[in-house]
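Residue numbers (the working numbering), protein chains in the order written: chain V, 4 to 283; chain P, 176 to 472. One structure is given here, and the rest of the page talks about it.
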Amino acid sequence: VTGRGRIDDELFEEFEAALLAADVSVTTTDKILDDLREAVRLERLPDAKAVRERLRQSLTEALGEAGDTRLKVAPSGPSLYLMVGVNGVGKTTTLGKMAYRATHTDGKKVMLVAGDTFRAAAADQLAIWAQRAGCDFIRQQERSDPAAVVFDAIQAAKARDIDLILVDTAGRLHNKANLMEELRKIGRVCERELGRKPDEVLLALDATTGQNAVRQAQEFIGAVGVTGIALAKLDGTARGGIVITLREELGVPVKIVGVGEQPADIRPFVPQVFIEALLD
Amino acid sequence: SLAEKLQAAFDKLRGNVKLTEADIDVALKEVRTALLEADVNFRVVKDFVGRVKERALGESVLEGLNPGQQVIKFVYDEMLALLSGDAENPGQASALNFAPKPPTVIMLCGLQGAGKTTLAGKLAKLLTKQGKTPVLVACDIQRPAAVKQLQIVGEQVKTPVFAVPGGDPVRIARDAVEWAEANKADVVILDTAGRLHIDGDLMTQLQGIKSATHPHEILLVLDAMTGQDAVTVAKEFDSAIDVTGFVLTKVDGDTRGGAAISVRSVVGKPIKFVGVGEKMDALEPFYPDRMASRILG
Ligand SMILES: Nc1nc2c(ncn2[C@@H]2O[C@H](COP(=O)(O)OP(=O)(O)OP(=O)(O)O)[C@@H](O)[C@H]2O)c(=O)[nH]1
Ligand SMILES: Nc1nc2c(ncn2[C@@H]2O[C@H](COP(=O)(O)OP(=O)(O)OP(=O)(O)O)[C@@H](O)[C@H]2O)c(=O)[nH]1
Ligand SMILES: [Mg+2]
Ligand SMILES: [Mg+2]
């Protein structure tokens, strides 16, 4: 008895429970554990401690290369990040935190764009974040066409020498065809006015979301392309394990993590830290 | 769908009169996967599958059904019983509790972004239609523009909004009830700030709002796309403030909604309504049979 634990069915049941509880999908969990059993055999892992370490390693690898988590910066002119996602997941708050950090820490000239022209007090909410960040802010009347707001914002950004345009959009369920079409239109306007695709299209995801995150990602990727995930509310008890599935099956990396409601509550995504918390 | 998967699994067993334990185990593995993919909590799935197995063991295959259909029927029946709480009249479960003497106080609570403020407006509209005179209360004074959001919602549903700039949520709630009594508003709808169940200070604040207003309804508002965490959230809120029911929101999405089973079975309180859109009329009573069919895909 080494005190490091036996490798047996009970150990693998413990792993399975941890992964499922973290919202890792059944398919991904089965695949990870099958690969792990194979690794135990091929690598002659000696005890539970070694298997646990191997699991940690394979999960971290599944989340992608270190470079994947960096936010892209345009070679010249303003960079544009488009924030998209379903209702209430944390788009506006995440964008506000990003504006705050880019302005205060990175010394950039930032413009926040109120692309949500639908929901009650959406622009007012973003306006408060622009005040906190001390950055530029563009809004139009409620019910105006969001694509028109984005068009005007890009012209203004070029005129005002803005480094970073952060575009907020209305929450929309991915199964609503008319709303996804509206998003496509916003994407087309960005592309036309920038002369290239947005530098980042961030899909905001609530860490408490279960398997539906896969459906969300599929539809948003199809509509406007997704370059990264902003995983919000990771300060709760949900572990957000579905992002492992999203990386493995759809190739989308997590780029930012939200850990609270204050301006400073934002972190770059670090796979090791994420997997550590997941397996705890 | 699960029904199709079970059909396929059982196709080779046609003509059997009794379900053997081996047959049942094959079927239950499919059921387990389907429920996990529908976001039912994995411990709840374990108990659920165990109960279905007990029912299925030793039962003869019903006339006209093959074993796959038989198992589906057991699963559906078990799920329906769970979601309706074996209520004599399932429709009864979604009725709101009103105070014997007005005003009735309804407190909405839940995680950030679940849909509380939107629900507050929907409830006000529904109650107005039922001949009541509700008032909306802005107890969220921390989220940027939260009060303004509720005020706009109030305008949309022609309901007064009680708000105190820079106030304290517990005092606002208490003062709102006094205002309602003085102004003959017979329902007080308290919209509270989204909070984490692990935030000690904010959970204490919620308990403070409860003690100050003695709500007749305490509704935990839960996003239908919530995954495994639903059980933890529901248990923590329930143990802190003893909820009277749940409202599942964003059911107009395509999430299977397994969180409904998880919270109903672990906390044992009824799901009263479902939110089915962003507009103020997008509120429906909870129908257990519709939810069961949806979860089973
Ligand atoms: N605890 C916690 N709360 C968060 C986090 N990010 C956002 N929130 C809260 O979640 C709620 C919803 O955030 P919003 O930024 O309004 O979400 P949204 O996606 O813009 O919502 P819609 O525009 O209505 O679709 C707010 O109460 C935020 O303060 C986070 O990382 N942690
Ligand atoms: N499609 C759909 N959207 C909904 C539903 N209920 C709420 N929403 C949307 O979800 C988002 C969040 O709703 P809110 O009412 O602001 O949520 P909240 O719980 O008050 O958020 P916090 O106060 O920040 O905790 C908004 O975009 C709403 O329009 C629903 O049933 N269906
Ligand atoms: Mg928003
Ligand atoms: Mg709210």
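Yeah, the Cβ is synthetic: ideal placement off N, Cα and C, and Gly gets one too.
query, result
"Cα-Cα separation, V/Gly263 to V/Ala210", "12 Å"
"Close beta carbons around P/Arg469, own chain, < 8 Å, minus the five adjacent residues each side", "Arg431, Gly432"
"Whole-angstrom distance between P/Ala184 and P/Gly420, CA atom to CA atom", "38 Å"
"Same chain, Cβ closer than 7 Å to P/Val201, five either side skipped, listed in chain order", "Ala184"
"Cutoff 7 Å: P/Gln478 Cβ touching any chain V Cβ", "Since the first residue shown for chain P is 176 and the last is 472, residue 478 of chain P is missing from the structure and cannot be characterised."
"Alpha carbon of V/Arg199 to alpha carbon of P/Ala368, nearest angstrom", "40 Å"
"C-alpha gap between P/Asp374 and V/Arg57, whole angstroms", "34 Å"
"Counted within 10 angstroms of its Cβ, other Cβ atoms place V/Val54 as buried (16 or more) or exposed", "buried"
"Beta-carbon gap between V/Arg146 and V/Thr120 smaller than 7 Å", "yes"
"Partners in chain V for P/Gln324, counting only beta-carbon separations shorter than 7 Å", "Ala123, Ala124"
"Distance, V/Met114 Cα to V/Leu83 Cα", "10 Å"
"Integer-rounded CB distance, given that P/Leu257 should sit under 8 Å from P/Val224", "Actually they do not touch by this definition, with Cβ atoms about 13 Å apart."
"Candidates P/Ala231, P/Val426, P/Gly452, P/Asp413, of which the one nearest P/Ala399 by Cα", "P/Val426"
"Through-space distance from P/Thr308 to P/Lys359, alpha-carbon basis", "8 Å"
"Chain P residues whose Cβ lies nearer than 7 Å to that of V/Gly93", "Gly288"
"Any non-hydrogen atom of ligand 3 within 6 Å of V/Asp50 CB", "no"
"Chain P contact residues for V/Asp238, given Cβ-Cβ distances below 8 Å", "Leu371"
"Local Cβ density within 10 Å of P/Ser440, reported as buried at 16 or more and exposed below that", "buried"
"Of the residues P/Thr388, P/Met455, P/Ile247, P/Leu377, the one placed nearest P/Glu146, counting alpha carbons only", "With chain P represented from 176 up to 472, any question about residue 146 of chain P goes unanswered, as that position is not in the structure."
"Inter-residue CB distance, V/Asp166 and V/Pro266 (contact presumed, cutoff 8 Å)", "So it is not a contact: roughly 19 Å between Cβ atoms."
"Contact test: V/Lys236 Cβ vs ligand 6 heavy atom, cutoff 6 Å", "Of the ligands one can find in the structure shown, namely ligand 1, ligand 2, ligand 3 and ligand 4, none is ligand 6."
"Outcome for V/Asn181 when other beta-carbon atoms lying within 10 angstroms are tallied against a minimum of 16", "exposed"
"Proximity winner among P/Ala321, P/Leu381, P/Glu356, relative to V/Ala123 (alpha-carbon distances)", "P/Ala321"
"Beta-carbon separation (whole angstroms), V/Gly91 vs P/Ala295, contact threshold 8 Å", "Contact doesn't hold; Cβ gap of about 14 Å is too wide."
"P/Leu311 beta carbon less than 7 Å from that of P/Gly329", "yes"
"Under the three-state DSSP convention, the category P/Cys284 falls into", "strand"
"Three-state class that DSSP yields for P/Arg207 in the structure shown", "helix"
"C-beta neighbour in chain V for P/Pro319, strict 7 Å", "yes"
"First through last residue of the beta strand (DSSP E) which encompasses P/Pro460", "458-460"
"Partner residues on chain V for P/Met400, Cβ-Cβ distance less than 7 Å", "Thr212, Gly213, Asn215"
"9 Å Cβ cut-off: residues of chain P touching V/Ala20", "Phe217, Arg218"
"Limits of the beta strand (DSSP E) - the one that P/Gly420 falls within", "420-424"
"Cβ-heavy atom distance, V/Thr96 to ligand 4, below 6 Å", "no"
"Status (buried if at least 16 other CB within 10 Å, exposed otherwise) for V/Ala280", "exposed"
"Minimum Cβ-Cβ distance from P/Leu311 to chain V less than 7 Å", "no"
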